[in-house]
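Counting with my numbering, you get residues 78 to 110 for the letters of the sequence shown. Ideal Cβ positions, reconstructed from N, Cα and C, are used throughout, including at glycine. One structure is given below, encoded as structure tokens.
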Amino acid sequence: MDSKELLKKVRQVEIKSRRLSDNVFWRRILKHL
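Here it is, written out as structure tokens:
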């Protein structure tokens, strides 16, 4: 596996985890409304 492939995988994981944390964040905010 070359570095480009590795970078792509890392980026995908980052995006997924960011989306997850965003979801949790928004859910918390909506609860307080």
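Host alpha helix (DSSP H) of residue i (start-end)
i	result
Leu107	Ser80 to His109
Any non-hydrogen atom of the ligand FAD closer than 6 Å to residue i Cβ
i	result
Ser80	Absence of the ligand FAD from the depicted structure is noted, as is the absence of any ligand whatsoever, leaving it without description.
Cα-Cα separation, residue i to residue j
i	j	result
Ile106	Ile92	21 Å
Val101	Ser80	32 Å
His109	Leu97	19 Å
Val90	Leu83	11 Å
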